[in-house]
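Add 365 to a position in the sequence shown, counting from 1, and you land on the number used in the numbering used here.
Positions of the beta carbon are idealized from the N, C-alpha and C atoms, including for glycine.
Since the model is a prediction, treat every value here as computed from it, not as a measurement.
Below: one structure, written as structure tokens.
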Amino acid sequence: MIEEKILLATALAAYLYVVAPGPAFLALFTLAASKGRRSGAWFICGHLVGDVTWGALAVAAILGANRLGPTLFEILGAGCGLYLVYLGVRAVLTKKDAPPRAIGARRPLATGMAFGLTNPKSYPVALAMFSAIVAPYVSEIHVSDAPQLLAAALAGFLAADATLIFAAGLPAVRRFFLAHGVVVTRLVGVLFIAFGAKSLFDAADGAMRRTT
């Protein structure tokens, strides 16, 4: 049976993947700020479909890499780490404070679903986030563990959605977000750089351990 620490790491990766600010995060908070928590909740519930889809593909990729050997996983982790750092640097260098308009105000559930499934950055970011956190345990993961990993990821997604729905409806958060959108963008940049650096470190550390 898979160890509890691996399930907790998977749930944490799923949680951070959802709550880390990005296009959907900005859309959610802008929608909630202008239309209220109810509209934001419908949007994030629709977006859960995309989160589960991309999260499942990320877990499948990790399991596939594990079966093919640690070298492929280390290359995958390094590539994902570089991508996260790239996204982070772009976010940190954001200069304009221009929060997006309230997308999906009329049909938040359908818009959230479409947003989650069609965002081209969802899969690489999900893979990078899961790789950065789960990488230390890759040698302990087997294909038979997939159902438990997916259940842990779903728990993380649901916890993150509940956190976002609660936070998005707070009056102070709504006022702050509309007034200081650039701060949120730069914070996510720092977060992405940190996880990208961790993924790069884990990949390099694994390669060095096998060569010594």
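query: Please report the Cβ distance between Met478 and Tyr382, rounded to the nearest whole angstrom; I am assuming they are in contact, meaning their Cβ atoms lie under 8 Å.; result: With 8 Å as the limit, Met478 and Tyr382 do not qualify as a contact, their Cβ atoms being about 17 Å apart.
query: Could you tell me which of Thr375, Leu482, Lys460, Asp526 sits nearest to Ile427, measuring between CA atoms?; result: Thr375
query: State the start and end residues of the unbroken alpha helix (DSSP H) segment that holds Gly521.; result: 511-533
query: Round the Cβ separation of Ala365 and Ile498 to the nearest angstrom and send it over; I've been treating them as touching at under 8 Å.; result: Any question about residue 365 goes unanswered here, given that the chain covers just 366 to 577.
query: Can you give me the C-alpha to C-alpha distance between Arg539 and Met573, rounded to a whole angstrom?; result: 47 Å
query: Helix, strand or coil for Ala385 per DSSP?; result: coil
query: Just to check, is the beta-carbon of Asp416 closer than 8 Å to a non-hydrogen atom of the ligand GDP?; result: As far as ligands go, the structure on display features none, and thus does not contain the ligand GDP.
query: Considering only residues of the same chain and omitting the five flanking positions on each side of Ile371, which have a CB-CB separation below 6 Å?; result: Tyr502
query: Counting pairs of Cβ atoms below 8 Å between the region 400-416 and the region 524-533, do you hit three or more?; result: yes
query: Please name the residue, chosen from Leu529, Thr576, Pro473, Ala491, that lies closest to Phe560 on a Cα-to-Cα basis.; result: Ala491
query: Have a look at Leu422, Leu393, Val454, Leu514 and flag the residue whose alpha-carbon is nearest the alpha-carbon of Leu535.; result: Leu393
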